[in-house]
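Q: Residue numbers (this note's numbering): 835 to 974.
Heads up, the beta-carbon is just placed ideally off N, CA and C, and yes, glycines get one too.
(1) DSSP has residue 847 in a bridge; who is on the other side?
(2) Below 8 Å on the Cβ atoms is my contact criterion, and I expect residue 871 with residue 887 to pass it. Report the Cβ-Cβ distance as a whole number of Å.
(3) Is it true that the CB of residue 851 sits closer than 8 Å to the CB of residue 859?
(4) Am I right that residue 912 and residue 901 are in contact with their C-beta atoms under 8 Å? What's the rounded C-beta distance?
(5) Please report the residue range of the beta strand (DSSP E) in which residue 970 lies.
(6) Put residue 853 into one of helix, strand or coil per three-state DSSP.
(7) What distance in whole Å lies between the Cβ atoms of residue 935 and residue 928, which are believed to be in contact at a cut-off of 8 Å?
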């Protein structure tokens, strides 16, 4: 148990809850991370914004909801869409390959904005993302 006094705590718990399949808790911790300064959870917003919480919000989306990991040198995505959302997207630069990842109900679109192709795993399916092209992967 923790009281989440550190601005780093809720984002880590959001990512872990997502990894463990507890989507409800992942979203709750995400909200706590995203709203840390807006709701003044730590009663110290007058001292300035927590940049770690801002970064943690991004991490909760990308590593939590996006399920992004690097395994054996390969980029892996096992995303889920929070219940209250219709979609989300983010950019990631992996080994000088810029990807735009869009998650919506039942599918993931990955747009390779670089010239170099990249192999990724999406929902445990290996995918080749050619340079300057977009692929769509449906959840089975």
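A: In brief:
(1) Walking along the chain shown from the start, residue 847 turns up at place 13. None, per the DSSP bridge assignment.
(2) For the purposes of this step, residue 871 is identified with residue 37 of the chain shown, where counting begins at 1. For the purposes of this step, residue 887 is identified with residue 53 of the chain shown, where counting begins at 1. That belief holds up - the Cβ atoms of residue 871 and residue 887 are roughly 6 Å apart, short of 8 Å.
(3) Residue mapping note: residue 859 aligns to position 25 of the chain shown, counting from 1. Residue mapping note: residue 851 aligns to position 17 of the chain shown, counting from 1. Yes, Cβ-Cβ distance for residue 859 and residue 851 is below 8 Å.
(4) Taking the chain shown and counting its residues from 1, the one referred to as residue 912 is at position 78. Taking the chain shown and counting its residues from 1, the one referred to as residue 901 is at position 67. About 3 Å separates the beta carbons of residue 912 and residue 901, which is inside the 8 Å limit, making them a contact pair.
(5) For the purposes of this step, residue 970 is identified with residue 136 of the chain shown, where counting begins at 1. Its beta strand (DSSP E) spans residues 968 to 972.
(6) Walking along the chain shown from the start, residue 853 turns up at place 19. Shown here, residue 853 sits in a helix according to DSSP, grouped into three states.
(7) Residue numbering aside, residue 928 sits at position 94 when the chain shown is read from its first letter. Residue numbering aside, residue 935 sits at position 101 when the chain shown is read from its first letter. Going by Cβ atoms, the distance from residue 928 to residue 935 rounds to 11 Å, so no, they are not a contact pair.
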